[in-house]
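Before any comments, here is the structure.
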Amino acid sequence: MIPPMPPTGYRGLSLWHDTIDDIEPRPSLGTDIEVDVAVVGAGYTGLWTAYHLVAADPSIRVAVIEKEVAGFGASGRNGGWCSALFPASLKRMATERGREAAVRMQHLLHDTVADVGWIAEAEGIDCHFDQGGYLSVARNPAQLERVRDEVADHREWGFGEDDHRLLDASEVMAVAGVSDALGGSFTPHCAAIHPARLVRGLADAVERRGVVVHERTAAVDVRSRRVITAHGTVRAEHVVLATEGYTPTVAGRRRAIAPIYSLMTATEPLPEDTWAQIGLDKRTTFADNRHLTIYGQRTRDGRIAFGGRGAPYHYASKVSPLYERDARVHAALRRILLELFPVLDGVTFTHAWGGNLGVPRDWFPSVRHDRHTGLAFAGGYVGDGVATSALAGRTLAAMIRGDDPDDLASLPWAGRTSRDWEPEPLRWLGVNAVTALMTSADWSERRTGRPSRAASAFWTALGQ
Ligand SMILES: Cc1cc2nc3c(=O)[nH]c(=O)nc-3n(C[C@H](O)[C@H](O)[C@H](O)COP(=O)(O)OP(=O)(O)OC[C@H]3O[C@@H](n4cnc5c(N)ncnc54)[C@H](O)[C@@H]3O)c2cc1C
Numbered sequence: 000m001i002p003p004m005p006p007t008g009y010r011g012l013s014l015w016h017d018t019i020d021d022i023e024p025r026p027s028l029g030t031d032i033e034v035d036v037a038v039v040g041a042g043y044t045g046l047w048t049a050y051h052l053v054a055a056d057p058s059i060r061v062a063v064i065e066k067e068v069a070g071f072g073a074s075g076r077n078g079g080w081c082s083a084l085f086p087a088s089l090k091r092m093a094t095e096r097g098r099e100a101a102v103r104m105q106h107l108l109h110d111t112v113a114d115v116g117w118i119a120e121a122e123g124i125d126c127h128f129d130q131g132g133y134l135s136v137a138r139n140p141a142q143l144e145r146v147r148d149e150v151a152d153h154r155e156w157g158f159g160e161d162d163h164r165l166l167d168a169s170e171v172m173a174v175a176g177v178s179d180a181l182g183g184s185f186t187p188h189c190a191a192i193h194p195a196r197l198v199r200g201l202a203d204a205v206e207r208r209g210v211v212v213h214e215r216t217a218a219v220d221v222r223s224r225r226v227i228t229a230h231g232t233v234r235a236e237h238v239v240l241a242t243e244g245y246t247p248t249v250a251g252r253r254r255a256i257a258p259i260y261s262l263m264t265a266t267e268p269l270p271e272d273t274w275a276q277i278g279l280d281k282r283t284t285f286a287d288n289r290h291l292t293i294y295g296q297r298t299r300d301g302r303i304a305f306g307g308r309g310a311p312y313h314y315a316s317k318v319s320p321l322y323e324r325d326a327r328v329h330a331a332l333r334r335i336l337l338e339l340f341p342v343l344d345g346v347t348f349t350h351a352w353g354g355n356l357g358v359p360r361d362w363f364p365s366v367r368h369d370r371h372t373g374l375a376f377a378g379g380y381v382g383d384g385v386a387t388s389a390l391a392g393r394t395l396a397a398m399i400r401g402d403d404p405d406d407l408a409s410l411p412w413a414g415r416t417s418r419d420w421e422p423e424p425l426r427w428l429g430v431n432a433v434t435a436l437m438t439s440a441d442w443s444e445r446r447t448g449r450p451s452r453a454a455s456a457f458w459t460a461l462g463q
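Structure representation (structure tokens):
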């Protein structure tokens with residue numbers, strides 16, 4: 000069944016916003032202020048940075064400036080996979096900074112998944128964190144070949160059975176009753192969360208520690224040592240830009256990040272007899288191994304929240320609420336979910352929404368801080384930002400404070416910059432061509448069972 004029209008206001012942004020307490024915007028900035036650190040954007044990146052700054056030194060004065068409300072962006076709307084996935088491969092990280100740095104980064108990403116859980120618990124944030132791992136299912140021979148290659152690749156980097164293991168079809172079925180499963184892989188390094196509960200809880204947590212959060216305050220210009228808004232100017236020694244997919248809307252940064260839309264849909268809470276057939280008892284997150292990303296989770300209230308890519312990139316990196324609802328893509332997502340779990344036939348879908356994620360030109364996230372200008376940035380997570388942003392915030396806080404006992408500033412993503420995207424219309428042509436390529440590669444793999452050469456060539460060209 001087609002979902003009803005979305006409710007209005009912030010509650011209508013997503014399933015997640017619709018299942019938290021009412022959102023009462025915090026006061027806007029009312030005057031010029033001066034702080035030590037100004038953070039632009041109250042998503043995970045901005046709030047984790049603020050959190051680690053004041054957790055390490057309660058005397059640091061931090062102000063967070065948010066255009067709408069905390070969790071308005073991708074951090075409130077995502078698939079809730081708190082995973083150790085990273086868009087740049089170990090090979091790429093090693094090419095840039097050496098094998099040891101690449102492996103250390105992956106270990107830190109593993110640890111960060113659990114860190115999110117324990118910090119949330121310590122701060123009293125009930126974000127429905129359940130670390131049930133991630134199941135990648137192979138549903139055709141090409142996907143099976145890729146899953147095997149991925150697990151073999153992890154072995155070569157020194158990761159063992161406890162990190163990634165191959166599953167045969169019956170082992171997959173023991174976790175989730177997915178149709179046509181030929182096999183798959185499992186990693187414990189992923190938790191399912193309620194994303195809006197985490198980001199809203201983080202905003203409360205930083206406030207309790209003395210950070211000032213100004214909502215409904217858009218930064219119109221972000222410069223060295225100052226953030227200019229229509230309500231006043233924030234002067235600060237350090238300025239953190241944490242606007243991810245919205246970065247192209249900030250003056251002078253149109254080509255820094257391409258905003259790509261990822262869309263989601265959710266079912267009504269399912270009855271126990273349906274869950275008995277689907278499984279996912281530990282809330283293991285799931286996907287199959289297609290090229291055009293899909294992702295799903297069993298929510299604490301017994302729904303399936305399911306999303307994927309495939310929405311078009313919009314000319315000149317435009318972002319708009321209009322792009323968050325695309326009937327064609329939402330229908331495709333519902334169809335794919337029914338293919339995965341035919342038992343869902345006839346179920347009601349209650350929510351459909353979307354949001355933008357930030358893709359840098361080289362698909363390699365970055366964390367950087369320029370000591371001379373005081374300007375800092377973290378992002379470009381290409382859709383793997385839930386746990387990654389927590390590590391980014393910890394790293395930025397260490398860089399800004401100049402106190403880095405864990406040597407986070409030497410990680411492969413630290414201090415690097417992706418080059419800008421091409422001007423239009425090349426950007427539009429290029430980004431949408433990649434989506435079309437992935438769609439047709441999946442179609443051909445489903446038909447022939449053979450890995451798509453075109454898709455492999457793309458990943459190889461990217462250095463993956
Ligand atoms: C539908 C969807 C599903 C996803 N699923 C997953 C997943 O399952 N797992 C995963 O790891 N990642 C996922 N991601 C990606 C992940 O959600 C993001 O990488 C992450 O939330 C980025 O956090 P952020 O704080 O950097 O950006 P955001 O959460 O987007 O925050 C940026 C904030 O900046 C504010 N802002 C913008 N412009 C201004 C301005 N001028 N002045 C002040 N404030 C401004 C925005 O309102 C917003 O609140 C998904 C993304 C989407 C869209």
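According to numbering that gives the first Met the number 0, numbering within the sequence shown proceeds without interruption in unit steps and concludes at 463.
Yeah, the Cβ is synthetic: ideal placement off N, Cα and C, and Gly gets one too.
Distances taken from the Cβ of L332 to the heavy atoms of ligand 1 include none shorter than 8 angstroms. Y245 and G72 do touch by the CB rule: their CB atoms are close to 6 angstroms apart, below 8 angstroms. Residues of the same chain with a CB within less than 7 angstroms of the CB of G182, apart from the 5 flanking positions on each side, are A137, L143, V146, L165, L166, D167, A168 and V171 in chain order. Per the DSSP secondary-structure output, G378 pairs in a beta bridge with S365. The secondary-structure analysis by DSSP pairs A190 across a beta bridge with C81. Pairing F185 with D287, the inter-Cα distance amounts to about 12 angstroms. Within the same chain, L28, I64, T216, A217, A218 and V219 come within 7 angstroms of T228 by CB-CB distance, once the 5 residues on both sides are set aside. Between the beta-carbon of P411 and that of E95 there is about 6 angstroms, and that keeps the pair under the 8 angstroms contact cut.
In this structure, DSSP gives F457 a helical state, which the three-state scheme calls helix. The secondary-structure analysis by DSSP pairs T228 across a beta bridge with A218 and G231. According to DSSP, F285 shares a beta bridge with L134 and G295. In the structure shown, D129 adopts extended strand secondary structure according to DSSP, grouped into three states. Of all C-beta pairs linking the region 372–388 to the region 228–244, three or more are shorter than 8 angstroms, placing the two stretches in contact. A257 is the residue among M104, R449 and A257 whose C-alpha sits nearest the C-alpha of D419. By the Cβ test, the region 390–403 is in contact with the region 357–370, since at least three Cβ pairs between them sit closer than 8 angstroms.
In the displayed model, N139 falls within coil according to three-state DSSP, outside both helix and strand. Using a Cβ-Cβ distance cut-off of 8 angstroms, the region 266–286 and the region 298–306 are in contact, since at least three pairs of beta carbons, one from each stretch, lie closer than that value. Assignment of T30 by DSSP, reduced to helix, strand and coil, places it in the coil class. The C-alpha of D403 lies about 27 angstroms from the C-alpha of A255. A113 places its beta carbon 9 angstroms or farther from that of V198. P140 and I19 have their alpha carbons spaced roughly 42 angstroms apart. Set against 8 angstroms, the gap from the CB of C81 to the closest heavy atom of ligand 1 is smaller. Assigned with DSSP and collapsed to three states, R334 falls in helix. For V342, the secondary structure class from DSSP, reduced to helix, strand or coil, is helix.
Of D152, W47 and E149, the smallest CA-CA separation from D203 is found for W47.
Contact annotation, M263 with G78: C-beta distance approximately 7 angstroms; criterion of less than 8 angstroms satisfied. Taken from the Cβ of L291, every heavy atom of ligand 1 lies 8 angstroms or farther away. DSSP places Y260 in no alpha helix (DSSP H) but in the uninterrupted beta strand (DSSP E) bounded by A257 to T266. Taking all protein chains shown into account, T284 has 16 or more neighbouring C-beta atoms within 10 Å of its C-beta and is therefore buried. DSSP links L166 through a beta bridge to G183. Residue environment analysis places D162 among the buried positions, since at least 16 neighbouring C-beta atoms fall within 10 angstroms of its C-beta. Here P187 has G132 as same chain residues with Cβ atoms under 6 angstroms from its own Cβ, once five neighbours each way along the sequence are excluded. Counting only residues of its own chain and dropping the five nearest sequence neighbours on each side, L84 has a CB closer than 6 angstroms to the CB of D383. Using a cutoff of 8 angstroms, the CB of G306 counts as near ligand 1, since one of the ligand's heavy atoms is closer than that.
Following the DSSP letters along the chain, one finds G45 inside the alpha helix (DSSP H) bounded by residues Y43 to A55. A direct Cα-Cα distance of roughly 7 angstroms separates H213 from A62.
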